[in-house]
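Before any comments, here is the structure.
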Amino acid sequence: SACRPSLLGGAASSAPSRFAVEGLRHSCRSTAMRCTATISVLAALSSLLSVATAARAPRPPTPSRIKLTQNFREAAALSAKLADPATPQQRKKVAVIGGGLSGLACAKYLSDAGHTPLVLEARDVLGGKVSAWQDADGDTIETGLHIFFGAYPNMMNLFQELGIEDRLQWKAHRMTFAMPQLPGEFTSFDFPDGVPAPLNMAAAILGNTEMLSLLDKVRMVPGLLPMLLEGQPFIDAQDELSVKEFMDKYGMPETVNEEIFIAMAKALDFMDPDRMSM
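Take the sequence shown: its position 266, counting from 1, is numbered 272 in the working numbering, and each next residue is one higher.
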């Protein structure tokens, strides 16, 4: 499952009080801009995930299996270790370059560990790739799409610690594509609930009859079958290959690259499949 955060809204945060980076001094300097502002890293993180309460649909619950995974438990244990007052360490003042999601999360965990973070951001808007703001006309401007998957244990653990996981809007596990040969029409790959990856991906591919022909599906088998049989070890072994090199190695049809993987790569990583690692 995946969720799409609404980036602006008025819901108040219920974050733990131990996250006390209130009053963090934020200085931004560039050739065209010099500004100083007092910010709260917590408020910044919360605003990125705020949901307007007026018109939102009932929120589907967070899938319970996420917090039962070993990855989530390990992330929670690492976070607790950082905040453990018994952990001996020298208190430091640390500069964090960039006020995107990673920079803000870094500042949060530095504060948990007793350090004093200083976030330096060149723009007057926090959030990086997930930033959002209101322009002079009052319209909400978003940088672009970002999706948080349930398989991101550190991110899910961070949201839980900040008390803002209720602001994630869980969506059906579905990928929708425009069909170039039929302008204005769309097709979807539906990943069935309760089926573990990568079996759910195989079911989604087999279930689509509008974009992929039977021959396309057959030609995808040599690359997908080892994923199903061997799982993560096979995927890890392909790490030196780009997605395009992987497709060529296993003889996947070019139509799959042109109609599916180019769109996926650009949407998820802002690059083409020949530059994205498996």
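Ideal Cβ placement from N, Cα and C applies to all residues, glycine included. Keep in mind that this is a model prediction, so the values were computed, not measured.
key: Bridge partner(s) assigned by DSSP for P123   = Numbered from its first residue, the sequence shown carries residue 123 at position 117. V100.
task = Select from T261, M217, M181 the residue whose C-alpha is nearest the C-alpha of M270.
result = Locating residue 270 in the sequence shown gives position 264, where the first residue counts as 1. Comparing Cα-Cα distances from M270 to each of T261, M217, M181, the minimum goes to M181.
inquiry  = On the criterion of 16 or more Cβ atoms from any shown chain inside 10 Å, does P279 qualify as buried, or is it exposed?
reply    = One-based indexing of the sequence shown puts residue 279 at position 273. Burial check for P279: the Cβ neighbour count within 10 Å reaches 16 or more, so the residue is buried.
request  = Quick one: using the 10 Å Cβ neighbour count with 16 as the cut-off for buried, is K255 buried or exposed?
outcome  = Walking along the sequence shown from the start, residue 255 turns up at place 249. Exposed is the call here.
Local conformation of R180 per DSSP, three classes = Your numbering for residue 180 matches position 174 in the sequence shown. Reduced to three states, the DSSP call for R180 is strand.
key: Given N263 as reference, the closest of D145, H179, R225 once Cα atoms are compared   = Your numbering for residue 263 matches position 257 in the sequence shown. Ranking the options by Cα distance to N263, first place goes to R225.
message = On the DSSP letters alone, give me the boundaries of the beta strand (DSSP E) that D196 sits inside.
response = Along the sequence shown, one-based indexing puts residue 196 at 190. Taken as a continuous stretch (DSSP letters only), the beta strand (DSSP E) holding D196 covers 192 to 196.
message = I need the DSSP call for F78, collapsed to helix, strand or coil.
response = As a working mapping, residue 78 is identified with position 72 in the sequence shown. For F78, the secondary structure class from DSSP, reduced to helix, strand or coil, is helix.
task = With DSSP as the reference, label T261 as helix, strand or coil.
result = By one-based count along the sequence shown, residue 261 stands at place 255. Helix.
ask   = For C112, which residues of its own chain have a beta-carbon under 6 Å away from its beta-carbon, when the five flanking residues on both sides are left out?
value = By 1-based counting over the sequence shown, the position of residue 112 is 106. The beta carbon of C112 sits closer than 6 Å to the beta carbons of V102 from its chain, once the five residues preceding and following it are set aside; these are given in chain order.
ask   = DSSP on S219, reduced to helix/strand/coil?
value = Taking the first residue of the sequence shown as 1, we reach residue 219 at position 213. Here S219 sits in coil by DSSP.
key: Residue from L231, G106, M258, E171 with nearest C-alpha to A203   = Along the sequence shown, read from residue 1 onward, the residue named residue 203 stands at position 197. Of the listed residues, the one whose Cα sits closest to A203 is L231.
query = Terminal residues of the continuous alpha helix (DSSP H) containing E251?
reply = For the purposes of this step, residue 251 is taken as residue 245 along the sequence shown, with counting starting at 1. Note, E251: alpha helix (DSSP H), 249 to 255.
task = Determine the contact status of E265 and M217, defining contact as a CB-CB distance below 8 Å.
result = Numbered from its first residue, the sequence shown carries residue 265 at position 259. Numbered from its first residue, the sequence shown carries residue 217 at position 211. Yes, the Cβ-Cβ distance between E265 and M217 is below 8 Å.
query = If you draw a straight line from the alpha carbon of Q140 to that of E191, how long is it in whole angstroms?
reply = Taking the first residue of the sequence shown as position 1, residue 140 is located at position 134. Taking the first residue of the sequence shown as position 1, residue 191 is located at position 185. Computed Cα separation, rounded: 32 Å.
Endpoints, beta strand (DSSP E) assigned at A128 = Within the sequence shown, numbered from 1, the residue matching residue 128 stands at position 122. Taken as a continuous stretch (DSSP letters only), A128 belongs to no beta strand (DSSP E), as it is neither H nor E.
query = For P186 versus D222, is the C-beta distance shorter than 8 Å?
reply = The residue labelled residue 186 in the question sits at position 180 within the sequence shown. The residue labelled residue 222 in the question sits at position 216 within the sequence shown. No; because the gap between Cβ atoms is not below 8 Å, this pair is not in contact.
ask   = If L234 sits next to L205, beta carbons under 8 Å apart, how far is it from one beta carbon to the other, in whole angstroms?
value = One-based indexing of the sequence shown puts residue 234 at position 228. One-based indexing of the sequence shown puts residue 205 at position 199. Contact holds; Cβ gap of about 6 Å.
message = Between which two residues does the beta strand (DSSP E) holding Q166 run?
response = Position 160 of the sequence shown, counted from the start, is the residue given in the question as residue 166. Unbroken run through Q166 is the alpha helix (DSSP H), 159 to 168; no beta strand (DSSP E).
ask   = Exposed or buried, what is K114 when buried is set at 16 or more other beta-carbons lying within 10 Å of its beta-carbon?
value = Working through the sequence shown from its first residue, we reach residue 114 at position 108. Only buried fits K114, as 16 or more other CB atoms lie within 10 angstroms of its CB.
query = To which residues of the same chain is P159 closer than 6 Å at the C-beta, ignoring the five residues directly before and after it?
reply = By one-based count along the sequence shown, residue 159 stands at place 153. Once the five neighbours on either side are set aside, the close Cβ partners of P159 are N77, F78, A81.
request  = State the DSSP-derived secondary structure class of G237, mapped to helix, strand or coil.
outcome  = Locating residue 237 in the sequence shown gives position 231, counting from the first residue. Three-state DSSP puts G237 in coil, outside helix and strand.
query = Got a sec, what are the start and stop residues for the beta strand (DSSP E) A208 sits in?
reply = Residue numbering aside, residue 208 sits at position 202 when the sequence shown is read from its first letter. A208 -> not in any beta strand (DSSP E); alpha helix (DSSP H) instead, spanning 205 to 213.
task = Assuming N214 contacts F195 (C-beta within less than 8 Å), just tell me the rounded distance between them.
result = Numbered from its first residue, the sequence shown carries residue 214 at position 208. Numbered from its first residue, the sequence shown carries residue 195 at position 189. Right, their Cβ atoms sit about 5 Å apart.
query = Which value, in whole angstroms, describes the spacing of the CA atoms of F154 and V131?
reply = Counting from one through the sequence shown, the residue named residue 154 turns up at place 148. Counting from one through the sequence shown, the residue named residue 131 turns up at place 125. C-alpha separation (whole angstroms): 21 Å.
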